[in-house]
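So the sequence shown is numbered by this note's numbering: it starts at 4 and just counts up by one.
The beta-carbon is built from N, C-alpha and C at its ideal position, and this holds for glycine as well.
Worksheet for the structure shown next.
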Amino acid sequence: GFVEASLTHGEENGRSRWPEEYAQLARLGMENLDAIERTIAELGLDVQWERTGELDVATEPHQLAWLEGTRPADGDADVEAA
Numbered sequence: 004g005f006v007e008a009s010l011t012h013g014e015e016n017g018r019s020r021w022p023e024e025y026a027q028l029a030r031l032g033m034e035n036l037d038a039i040e041r042t043i044a045e046l047g048l049d050v051q052w053e054r055t056g057e058l059d060v061a062t063e064p065h066q067l068a069w070l071e072g073t074r075p076a077d078g079d080a081d082v083e084a085a
């Protein structure tokens, strides 16, 4: 399974629906993820917790335009069209 910090089902969705509150929602999402990690450690749970980042994948050609729009400003992303 997986968990992520987003409380809004993604940054784009959160910014479009709650533009005034998004910064707070993003902060709360990170605090929530941090609390999950702390709880796992405090309880000594053997859950193979890894904080590895995120990966966005287009599985259909029509999703490529959206994926291109999520590329970081520094261009540090690998996007390969199949």
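DSSP-derived helix/strand/coil call for residue i
i	result
HIS12	coil
GLN27	helix
LEU46	helix
GLN66	helix
LEU36	helix
Neighbour-count burial assignment, residue i, 16 or more Cβ in a 10 Å radius
i	result
GLY17	buried
Residue i beta carbon near the ligand GDP (any heavy atom closer than 7 Å)
i	result
ASN16	As for the ligand GDP, it is missing from this structure, which has no ligand bound.
Residue i versus residue j: straight-line alpha-carbon distance, rounded
i	j	result
GLY4	GLU23	31 Å
GLU14	ARG20	10 Å
For the pair the region 4-20 and the region 29-37, tell me if three or more CB-CB distances fall below 8 Å. yes
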